[in-house]
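In what follows, a single structure is set out as structure tokens and then discussed.
Chains as they are written, first to last, in my numbering: chain A, 3 to 317; chain B, 2 to 506.
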């Protein structure tokens, strides 16, 4: 084959060659690939359970096929609207507020020059991420409960009257969002912080020489550089927009139905309906529904991003 | 001629037993895994198990191994273990009222046990369980469960209260009604500032069926039907048991309950945030910080002794739900039962092991009490533990609640048998047999609606039970409307026709 003169080199190496050339990178990816293969792809055929009347002695694939019967449950409950609303609104609050706060903290941390302070601040922020939801719920209860709570005591000793938080549904969106922020900020900050650290420092130096102040550096250099990271994290998060954090909601609210109006999400509803019947097919149907909707939302969001700026799209 | 025939018959009967036993091939040593609910013991269970395994190896060339379903999240873990079995479990402790034995039979978790199998491999059990009792263990004509039908116990719910405080409250004979209970709680509230009358841990919904059902049992003749994922299906009365009660859909009694509980909540009988409180009520009672504990008779028998030690003179009494109306149902024989796992690789040997666990005196006593002499002594058919004995350290825990046997059982000498026998005698005067033993709920037609009813119940009932509302009457009305919207009438008529199919032939 002769190359036409003046044309761009269109030589493409063979697949084997590409693999060989990137062998170290691929080797490093291997654990992650294995992880997703084992825990995400291999179980996928099992989603078939959502369409069966699962019999233990027959196994998933030999159980009788029942079509969409298992999906009926969510739709005839009459609660789907409320559940969707709560689940989606909480997730939007978590995603938007979470990212804004994490971004802010990462930038602030970056501006801190005292090394020991920076390290310890980061560690302390990270800690809540490791506290289990069960303990968090106990902490919250011991702060807020009416009879013996810490805050109730404080308010009373100052001569005030403590509202009954555990009987007031309107207070809970704020409490849950606050708890979620408290738990996740440290973790998310690290991601942004890493992105900032990876920035080309010559740009900063150039800006400094040109006389840009701290605010201008953040506004015109740090933030634009972080844009791809923000978009990627956003795209990752939005796929789970129909999935609630069961541990957090269930532990904080439990079976306190006075709060359900503002705190009931798909997961807690499914749990409450099926905790006595152990219907694996039906609960899988709900999970499948959430995943499929999430999948299309990711596709949609990605297409939207691609439309705006193809460089930032995931695929 | 007649004599000859009799001899021949006897010989034939003997022949039919002897070869059956001789045929069993136990040349291969097998391990039988026993699935049981409970926390992995920290006491001498392993030592005792080693001894039992020696005996089992000698007798039938098998050994026993535990698979514990720890109490944390036990319902989910238990059902998951059954659903994902792959020959890794052989014997399964189960129950029709608290461990979903029937739904699990329907889902194919258990092996159907043929009469031949039982006769051959569990002959002692086969003999001692009556035909009527075997019939109560059948689903679609097949036996799935081996019932604990020779063990006297009571697990009817009620309230434990302190006799000393009840007398101080002017209740000379103790608490015997919901009205007495209110008087008792009010006395505690007024006179003991550091004691919460009933410091209920209302997080989780386990009190809903007990409290709502308790009031119902005490104020109507209704009888609870077991085996539903939501506790709103009751029979009308002992004279008319096979007609469903409409208690939850209409009538005043539920409203009265809601109003009274609202009054109790306002009076401060439990903490204001009861629905999110997770405490150890029994522990608090033992420390004198709460005046009552809601659980069942069997718990009370042990708790009475514990309380006497920790709060001397407390004279712990028990008010049982249904006491006012004499509405008391004997325990269903399948409150505890053993099943064989559907995927078990050695179902025959599993049955043989169970037969010995249940009927062999040496193995039974090891399992229930440990090493005689060292861990317990027997006198007058009652067993005592040595001085300083602590169950969590020195005891043995097989949690064998699936075939206890009164023929081999020793009474615990440390319990207060005068008080216990007095209560049991009272029970015996009013009790009736569980009327629905033959009925197994079939979930296939209305299951979807049942899940929604379950959600409605779990949403409203905790608020009714703990008076967390401004207007109890309106809340009950709302609850009933939600039940209607979720299809209660359709579900009830389906259950009624299922009941009719069994009992109105």
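Think of the CB as a built atom: it goes at the ideal place given N, C-alpha and C, for glycine as much as any other residue.
Owing to the predicted nature of the structure, the values given are computational and were not obtained by experimental measurement.
In the structure shown, residue 339 of chain B falls within a strand segment according to DSSP collapsed to helix, strand and coil.
Runs of the alpha helix (DSSP H) lying entirely within the stretch 360–426 of chain B, each at least 4 residues long, are 362–370 and 392–395 in chain order.
Of all residues in the stretch 452–482 of chain B, only 452, 453, 455, 456, 459, 460, 461, 463, 464 and 469 come within less than 7 Å of chain A when Cβ atoms are compared, listed by chain position. For residue 286 of chain A, the number of other beta carbons within 10 angstroms of its own is at least 16, and it is reported as buried.
If you draw a straight line from the Cα of residue 382 of chain B to the Cα of residue 408 of chain B, it comes to about 11 Å.
Residue 453 of chain B counts as buried, since no fewer than 16 other beta carbons sit within 10 angstroms of its beta carbon.
The three-state reading of DSSP puts residue 163 of chain B in strand, counting E and B together. In this structure, residue 420 of chain B lies away from residue 247 of chain B, with their beta-carbon atoms at least 8 Å apart. Here residue 31 of chain A is exposed. Its C-beta has fewer than 16 other C-beta atoms within 10 Å.
Under the Cβ criterion of 8 Å, residue 87 of chain A is not counted among the residues facing chain B. Less than 8 Å separates the beta-carbon of residue 113 of chain B from that of residue 143 of chain B.
At a cut-off of 8 Å between beta-carbon atoms, residue 158 of chain A makes no contact with chain B. With respect to the 8 Å criterion, residue 464 of chain B and residue 470 of chain B are classified as neighbours on the basis of their beta carbons.
Using a Cβ-Cβ cut-off of 8 Å, residue 80 of chain A counts as an interface residue toward chain B, since at least one Cβ of chain B sits closer than that to its own. With fewer than 16 other Cβ atoms inside 10 Å of its own Cβ, residue 23 of chain A counts as exposed. Residue 273 of chain B belongs to the set of residues whose beta carbon lies under 8 Å from a beta carbon in chain A. Inclusion of residue 339 of chain B and residue 92 of chain B in the CB contact set at 8 Å is warranted, their separation being smaller than that value.
Neighbours of residue 271 of chain A in chain B, taken as residues at a C-beta separation under 8 Å, are given in chain order as 456.
Annotation: Cβ neighbours of residue 80 of chain B in chain A (cutoff 7 Å, chain order): 280.
Judged by DSSP in its simplified three-state form, residue 42 of chain B adopts coil rather than helix or strand.
For residue 344 of chain B, no alpha helix (DSSP H) segment is defined, and its DSSP state is neither H nor E. Looking from the CA of residue 235 of chain A, the closest CA among A:38, A:133, A:222 and A:101 belongs to A:101. Looking at the backbone, the Cα of residue 175 of chain B and that of residue 182 of chain B are separated by about 9 Å. As DSSP reads the structure, residue 303 of chain B sits in no beta bridge.
Using a Cβ distance threshold of 8 Å, residue 168 of chain A and residue 476 of chain B do not count as a contacting pair. Annotation: the continuous alpha helix (DSSP H) that includes residue 484 of chain B extends over 473–486.
Between residue 317 of chain B and residue 164 of chain B, the C-beta gap is smaller than 8 Å, which places the two residues in contact. With a 10 Å radius around the Cβ and a threshold of 16 neighbouring Cβ atoms, residue 66 of chain A comes out exposed. Comparing alpha carbon positions, the residue from A:88, A:72 and A:55 closest to residue 64 of chain A is A:55.
When C-beta atoms of the stretch 216–236 of chain B are compared with those of the stretch 294–308 of chain B, fewer than three pairs fall below 8 Å, so the two segments do not count as touching. Counting only runs of 3+ residues, no beta strand (DSSP E) is found wholly inside the stretch 23–79 of chain A. Per the DSSP secondary-structure output, residue 151 of chain B pairs in a beta bridge with B:406. A contact between stretches requires three or more CB pairs, one per stretch, nearer than 8 Å, and the stretch 147–163 of chain A fails this requirement with the stretch 193–205 of chain A.
When secondary structure is reduced to three states using DSSP, residue 143 of chain B falls in the strand class. Listed along the chain, the chain A residues whose CB falls inside 8 Å of the CB of residue 42 of chain B amount to none; the nearest CB is some 24 Å away. Around the beta carbon of residue 482 of chain B, fewer than 16 other beta carbons sit within 10 angstroms, so the residue counts as exposed.
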